[in-house]
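Working notes, beginning with the structure itself.
Residue numbers (the numbering used here): 8 to 276.
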């Protein structure tokens with residue numbers, strides 16, 4: 008009996024460490040849609056590519072995003088970026104990306120939290136229309152997600168839907184539209200040191216008889232890390248991209264950057 012109890016404790020001890028109580032904030036996803044509300048700004052750079060014997064596609068982007076909490080349950084956000092796109096089978100272009108404005112809400116019930124919101128992306132200032140999204144139209148992305156907080160270990164997941172719309176949020180006058188659904192999940196573990204281990208997954212699928220384009224669907228895995236800099240709320244991060252489908256949008260890539268979380272009157276976590 009004593010040996011059985013010893014073996015049970017030996018088996019459970021790593022689990023108690025993984026799920027130990029910890030009041031740190033929910034890690035901000037690198038690739039997917041965030042579910043929680045934050046006071047944060049993020050500067051990032053990413054590079055993605057698809058290559059085979061006949062086709063090569065490369066995308067590089069620098070982004071600046073910010074989010075501001077309105078009380079405990081709401082936030083507003085905005086973002087902008089610069090894109091460099093090169094492809095052997097499509098038009099090459101570079102320039103300013105679409106601006107983004109967003110609104111989120113978030114509520115917590117014990118270890119379970121639920122959140123949702125909407126992001127609106129403005130017309131593109133530089134992108135040519137190459138048969139996918141119309142750069143002159145708005146993009147609307149409503150999203151819904153949840154978080155399970157087990158202390159050091161946290162899991163969050165989301166789903167979103169994107170559609171093109173005109174400036175009055177009506178269906179545009181064109182034969183077909185570019186619409187898709189996306190889902191993703193983030194599993195994170197806050198180590199005893201300043202490192203946070205993060206594994207993300209994202210899946211995107213075109214829907215509603217959308218404009219057919221090569222490699223429009225994608226399934227990606229994103230292993231990465233975040234490193235907390237002192238107690239000031241700063242984090243540097245690095246995350247990879249590994250395409251899991253044969254005709255994925257991109258085969259491989261990475262994203263790195265800096266996150267600064269801040270609070271008013273409190274010490275950032």
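We put the CB at the ideal spot given by N, CA and C, even for glycine. Since we're looking at a predicted model, the values are computed, not measured.
**Report entry** Contact set for residue 270: own chain, Cβ-Cβ below 7 Å, skip 5 residues either direction
**Finding:** The count along the chain shown starts at 1 and reaches residue 270 at position 263. These residues qualify, in order along the chain: 46.
Query raised in the report: Is residue 193 helix, strand or coil when you go by DSSP?
Result: Walking along the chain shown from the start, residue 193 turns up at place 186. If DSSP states are grouped into helix, strand and coil, residue 193 belongs with the strands.
Query raised in the report: Going by C-alpha distance, which of 240, 227, 266 and 233 is nearest residue 258?
Result: Translated into positions along the chain shown, residue 258 becomes position 251. Looking at the Cα atoms, 227 is the closest of the given residues.
**Report entry** Cβ contact (3+ pairs, closer than 8 Å) linking the stretch 33-52 and the stretch 151-167
**Finding:** yes
Query raised in the report: Taking the C-alpha atoms as reference points, what is the distance between residue 70 and residue 50?
Result: Start at 1 with the first residue of the chain shown, and residue 70 comes out as number 63. Start at 1 with the first residue of the chain shown, and residue 50 comes out as number 43. Distance between the alpha carbons of residue 70 and residue 50: 6 Å.
Query raised in the report: What is the rounded straight-line gap between the Cα of residue 91 and the Cα of residue 102?
Result: Counted from its first residue, the chain shown places residue 91 at position 84. Counted from its first residue, the chain shown places residue 102 at position 95. So the two alpha carbons sit approximately 7 Å from each other.
Requested in this report: Please specify which runs of the beta strand (DSSP E), each continuous and at least 3 residues long, are wholly inside the stretch 78-117, giving them in chain order.
Outcome: When DSSP assignments are scanned along the stretch 78-117, the uninterrupted stretches of beta strand (DSSP E) that are 3 or more residues long and fall wholly within it turn out to be 81-94, 100-103 and 107-116.
Query raised in the report: Helix or strand or just coil, what does DSSP make of residue 168?
Result: Taking the chain shown and counting its residues from 1, the one referred to as residue 168 is at position 161. If DSSP states are grouped into helix, strand and coil, residue 168 belongs with the strands.
**Report entry** For residue 28, the three-state DSSP class (helix, strand or coil)
**Finding:** Reading the chain shown from its first residue, position 21 is the one you call residue 28. Note that residue 28 has pLDDT 43, beneath the 50 cutoff, so the model's placement of it is unreliable and no number is given.
Query - residue 123 vs residue 152 beta-carbon contact at 8 Å - result: In the chain shown, the residue the question calls residue 123 occupies position 116. In the chain shown, the residue the question calls residue 152 occupies position 145. Yes.
Requested in this report: Please state whether DSSP places residue 71 in a helix, a strand or coil.
Outcome: Reading the chain shown from its first residue, position 64 is the one you call residue 71. Residue 71: strand per DSSP, three-state reduction.
Query raised in the report: If we count Cβ pairs, one from each stretch, closer than 8 Å, do we get three or more for the stretch 231-238 versus the stretch 249-257?
Result: no
Report task. Going by CA-CA distance only, name the one from 265, 229 and 252 that's closest to residue 244. Result -> The residue labelled residue 244 in the question sits at position 237 within the chain shown. Selection 265, 229 and 252 evaluated against residue 244 yields 265 as nearest (Cα-Cα).
Query raised in the report: Candidates 115, 130, 197 and 142: which alpha carbon is nearest residue 159's?
Result: By 1-based counting over the chain shown, the position of residue 159 is 152. Looking at the Cα atoms, 197 is the closest of the given residues.
Query raised in the report: Do you know whose CA, among 221, 76, 86 and 115, lies nearest residue 129's CA?
Result: Residue 129 sits at position 122 when you count from the first residue of the chain shown. Minimum Cα distance to residue 129 is reached at 86.
Requested in this report: Taking residue 149 as part of the beta strand (DSSP E), name the residues at either end of that continuous run.
Outcome: Counting from 1 along the chain shown, the entry for residue 149 is found at position 142. According to the DSSP assignment, residue 149 belongs to the beta strand (DSSP E) that extends over 145-156.
**Report entry** Own chain partners of residue 80 with C-beta closer than 8 Å, once the 5 adjacent residues on each side are dropped
**Finding:** Locating residue 80 in the chain shown gives position 73, where the first residue counts as 1. So the qualifying residues of the chain are 44, 112, 113 and 114.
Query raised in the report: Taking Cβ positions, are residue 68 and residue 89 nearer each other than 8 Å?
Result: Against the chain shown, residue 68 aligns to sequence position 61. Against the chain shown, residue 89 aligns to sequence position 82. Against a cut-off of 8 Å, the Cβ pair of residue 89 and residue 68 comes out as a contact.
Query - N-terminal and C-terminal residue of the beta strand (DSSP E) that residue 122 is part of - result: To locate residue 122, count along the chain shown from 1; it is residue 115. Residues 119-128.
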